[in-house]
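Start counting at 1 in the sequence shown, then tack on 13, and there's your number in our numbering. Cβ coordinates follow ideal geometry from the N, Cα and C atoms, glycine included.
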Amino acid sequence: MPFFKANRKNRDLLSLEQNPQNNLASIRSILRFSVRDIEQKLEKIECAYFGVCKQDQLKMLTSWANGLRKVMESSHATVISSSDQMDDLMKKVSDPAHRFGVDAFEVNRVKEVYRRTLDTVPHKFQSLVKDIESVVLKTAMYCLSFYDMDEHELHYLDTGFNYETQIRTIRDTIKENVNNITNSVGKFKSGAFITSDLSPEVKELARKANCLHAPFLLLVPAAVQNIHCACAALVTWIKTDESYSVFITHDVAELEGRKKELEKAAQARHEKYHHLLFRLKHLQCECEKLSTDLHRLSDRDSELIVEEEFLINQSNDMQVEIENKEYRRDELIKNASNIHPEVMFEKYSELCEELRDLKSRLPVTKRRLNAVQYKIAWIREKKKELDVEEKKLHEVEKEMKELTDAKTEEEVEQKHVTTLLEKARKIHSLKASPDVVQKIFHGMPVTTNKSRLPGQCSKNDPFEKACQVVAQHIEGDGGRLYRSLPFFPYRGSSMVDEDIRVVTAAASRKTSQQVSLLLLDRWRRHHTRARIEDLKQTLKKIHRNDVIAIINHQLHPPRPPTPTEEVIPDFLDESLIPYWKEIEKYDQLKAAKKITV
């Protein structure tokens, strides 16, 4: 009854191999059911080995260990770590010539446990190992990350990278646990099976059951633990794949938000850059204008400084002279009684005349000095203004440099975010699309090979070359060519006319050459068996043999003629060489029957 029940439970896994599923959710459900089926089979093997339910297995293992210890003590054995030691012990206790102080029941029970252990491990676990390998194969087939870790790239998606790393770790864990089942039996047979090689859970079980002296009793519990670990790893894989789609969805939303932020920042930076550029040009014009004015006034500035110094000295001299003459006049008035009146009057009149002249000329000199100083101050103000404008110019240039550096960094980040967003969207579409499950089942490529798409092939690709030649020389016959081209799957005339209308409307501002190339690319996408011969046959059908000739010339250009080296005999005199060439030419024409004698 259990055998048929197990087969019935495997029916879903068989259906997964025979029929394609609708979505990944149903596949994950089947894989979970298969893992539960393996765990149920494992529980049956475990119960069949111990003979009791799971709650009493520790007591049974302890009872076996105590019985084995009694048998080992009677034969003076301390530890049994190999099959040879166990075989020797069985021979000793089975030898009628020796007497042991052990009950025959204990001896028979040890023999039965040993036989049951060897029958169980690894033979009864082989079917479970095959089931695990089948589930791993199906899980690896459908629960994909769609992320390439092997290619060296700067832009890697954390979620995809972590999931792919986790997948590899899980597969290594499953492989290690499956291999441990057969390796432990091999170690026991070779005498190298020790408890330190066991997992912490099995070591704890050995400590509780007090069976460290007989590691072979732990072969089945260790194998059971390995199967449990492998199943737990499979369940983790399935759960991680289920949450992977959710994380990718969050990544797409987060990256889209970050992209919008970067676009807004780029727009603000663009506006600020143009504002700074306007200020920069304005300041450059102002600085250039001020520099030109100051350069033009540089000679005049020197003259004004000299003139200012001269006028200052002149004004000071005049002021001193006025003071001297006023002092002399005052002294002359004080001493008028001692001087002859006529002399007094003459000197007084002369001093007054000179004072009037000096006082009339002093304001003129001061006005000239003020005018010169005003001009000098104006020039100095212009210099200060130039310094201020140059300082502003340097600040704007510095700000523009910082903005340019920030622009470069943000462009790098924007490119990084755009690349990650494309990857995340691609992974999300692949994980959410039911077509991917169908393609995986039928062994079809899941992703598109972009390097083979029309218009994206290498320029040296013959088909790409032929399409370029046709688009360049077909002129106004692009629509007629598209209507005459073959399609597989078949496309009716109305669909073909609709294709031409869509392409023509979308490329209304493009040249006829570009429109023809777009039509050819569309034909190559719809016609899954597109070949150069189909293109040539259609060109022949619409009487465009001239284009076929150009295609053949481009794809198979004629070899350049190899020049034949003319051999002139050594015995021939140099003066006769021109006549020798004429004779050879005559012989060639005669051989070609182009002349008759």
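First through last residue of the alpha helix (DSSP H) which encompasses residue i
{"i": "residue 491", "result": "491-497"}
{"i": "residue 340", "result": "311-347"}
{"i": "residue 34", "result": "Where residue 34 is concerned, there is no enclosing alpha helix (DSSP H), given that its DSSP letter is neither H nor E."}
{"i": "residue 475", "result": "475-486"}
{"i": "residue 605", "result": "No alpha helix (DSSP H) holds residue 605; DSSP gives it neither H nor E."}
{"i": "residue 440", "result": "354-445"}
{"i": "residue 143", "result": "136-155"}
{"i": "residue 213", "result": "213-222"}
{"i": "residue 130", "result": "117-133"}
{"i": "residue 542", "result": "Where residue 542 is concerned, there is no enclosing alpha helix (DSSP H), given that its DSSP letter is neither H nor E."}
{"i": "residue 513", "result": "506-519"}
{"i": "residue 581", "result": "Looking at the DSSP string, residue 581 is not in any alpha helix (DSSP H), and its letter there is neither H nor E."}
{"i": "residue 562", "result": "558-568"}
Sub-9 Å separation of residue i and residue j beta-carbons
{"i": "residue 612", "j": "residue 368", "result": "Since the first residue of the chain shown is 14 and the last is 610, residue 612 is not available in this structure."}
{"i": "residue 484", "j": "residue 434", "result": "no"}
{"i": "residue 152", "j": "residue 247", "result": "yes"}
{"i": "residue 197", "j": "residue 222", "result": "no"}
{"i": "residue 307", "j": "residue 402", "result": "no"}
{"i": "residue 133", "j": "residue 215", "result": "no"}
{"i": "residue 242", "j": "residue 212", "result": "yes"}
{"i": "residue 265", "j": "residue 437", "result": "yes"}
{"i": "residue 522", "j": "residue 254", "result": "no"}
{"i": "residue 147", "j": "residue 26", "result": "yes"}
{"i": "residue 512", "j": "residue 539", "result": "yes"}
{"i": "residue 486", "j": "residue 581", "result": "no"}
{"i": "residue 423", "j": "residue 279", "result": "yes"}
{"i": "residue 156", "j": "residue 71", "result": "no"}
{"i": "residue 58", "j": "residue 138", "result": "yes"}
{"i": "residue 251", "j": "residue 45", "result": "yes"}
{"i": "residue 454", "j": "residue 543", "result": "no"}
{"i": "residue 419", "j": "residue 514", "result": "no"}
{"i": "residue 416", "j": "residue 286", "result": "yes"}
{"i": "residue 613", "j": "residue 489", "result": "This structure cannot speak to residue 613, because the chain is shown only from 14 to 610."}
{"i": "residue 378", "j": "residue 324", "result": "yes"}
{"i": "residue 129", "j": "residue 62", "result": "yes"}
{"i": "residue 195", "j": "residue 135", "result": "yes"}
{"i": "residue 502", "j": "residue 551", "result": "no"}
Neighbourhood of residue i by C-beta distance below 7 Å, restricted to the same chain and skipping five residues each side
{"i": "residue 141", "result": "51, 54, 55 and 240"}
{"i": "residue 527", "result": "520"}
{"i": "residue 386", "result": "321"}
Other residues of its chain near residue i: CB distance less than 8 Å, five sequence neighbours each side excluded
{"i": "residue 430", "result": "268, 271, 272 and 275"}
{"i": "residue 364", "result": "338, 341, 342 and 345"}
{"i": "residue 64", "result": "73"}
{"i": "residue 35", "result": "447 and 450"}
{"i": "residue 289", "result": "409, 412, 413 and 416"}
Outcome for residue i when other beta-carbon atoms lying within 10 angstroms are tallied against a minimum of 16
{"i": "residue 174", "result": "exposed"}
{"i": "residue 529", "result": "buried"}
{"i": "residue 30", "result": "exposed"}
{"i": "residue 383", "result": "exposed"}
{"i": "residue 359", "result": "exposed"}
{"i": "residue 605", "result": "exposed"}
{"i": "residue 305", "result": "exposed"}
{"i": "residue 190", "result": "buried"}
{"i": "residue 150", "result": "exposed"}
{"i": "residue 117", "result": "exposed"}
{"i": "residue 193", "result": "buried"}
{"i": "residue 172", "result": "buried"}
{"i": "residue 219", "result": "buried"}
{"i": "residue 158", "result": "buried"}
{"i": "residue 600", "result": "exposed"}
{"i": "residue 536", "result": "buried"}
{"i": "residue 60", "result": "exposed"}
{"i": "residue 457", "result": "exposed"}
{"i": "residue 590", "result": "exposed"}
{"i": "residue 567", "result": "exposed"}
{"i": "residue 391", "result": "exposed"}
Own chain, CB closer than 6 Å to residue i, minus 5 neighbours either side, in chain order
{"i": "residue 10", "result": "Because the chain spans 14 through 610 in this model, residue 10 falls outside it and cannot be assessed."}
{"i": "residue 451", "result": "33"}
{"i": "residue 81", "result": "123 and 227"}
Closer than 9 Å to chain C by CB, residue i
{"i": "residue 443", "result": "The structure shown contains no chain C, having only a single protein chain."}
- prompt: Does the stretch 298-306 come within contact of the stretch 399-407, defined as at least 3 CB pairs closer than 8 Å?
  reply: yes
query: Touching or not, the stretch 326-336 and the stretch 435-448, by the rule of three or more beta carbon pairs under 8 Å?
result: no
- prompt: Any contact of the stretch 490-503 with the stretch 541-548, i.e. 3+ C-beta pairs under 8 Å?
  reply: yes
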